[in-house]
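Student: Shown below is the structure under consideration.
Numbering (our numbering), first residue to last: 7 to 148.
This is how it looks when you write it as structure tokens:
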């Protein structure tokens, strides 16, 4: 299964990690995600998308969390756990240069209290996949 989309997964530190999400002004709550460009690895694409969509430019890939068939438009998503070198605020806004210059509102969500009602069904399924994967890899114990 070859991925065509990369998702940057950022967790807060602590015993009860939270996941970084954002509110898209037209499409609801999402993960940072975008297309893998020709010549990019999924990790490189995830870091590029993280910078473009959130403004976070100092991050590294901590773990490849695997691929997932989104069952949406034929997409296969690669999830990359990213480690950010600097502390992040509780919430912030970032004006994108791509995606029609939207203002994205970033926030942290508890893994056991995800805002599913505010997500497109594909992001609900993606978050469920991520939670299972994070538990299986020991990044989250509930």
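Glycine included, every Cβ here is placed at the ideal spot set by N, Cα and C.
Every value quoted in this text rests on a predicted model; they were computed, and no experiment measured them.
(1) Hey, would you say residue 43 sits closer than 8 Å to residue 65, going by beta carbons?
(2) Excluding the 5 residues flanking residue 108 on each side, which residues of the same chain have their C-beta closer than 6 Å to its C-beta?
(3) By how many angstroms is the C-alpha of residue 48 removed from the C-alpha of residue 10?
(4) Are the Cβ atoms of residue 115 and residue 27 separated by less than 8 Å?
(5) Is residue 80 helix, strand or coil when you go by DSSP?
(6) Locate the beta strand (DSSP E) running through residue 66, then write down its first and last residues.
(7) In the DSSP output, what is residue 114 paired with across the bridge?
(8) Tell me, to the nearest whole angstrom, how far the beta carbon of residue 121 is from that of residue 16; I am working on the premise that it is less than 8 Å.
(9) Kindly list the residues whose CB is nearer than 7 Å to the CB of residue 68, restricted to its own chain and excluding five residues on each side of it in sequence; keep chain order.
(10) Scan the stretch 115–140 and note each continuous beta strand (DSSP E) run of 3 residues or more that stays entirely inside, going in chain order.
Tutor: For this structure:
(1) Going by C-beta atoms, residue 43 is not nearer than 8 Å to residue 65.
(2) 31 and 102
(3) 8 Å
(4) yes
(5) coil
(6) 65–75 is the span of the beta strand (DSSP E), which, as asked, contains residue 66.
(7) Answer is 26.
(8) Contact flag wrong, Cβ pair sits at about 16 Å.
(9) 87, 88 and 89
(10) none
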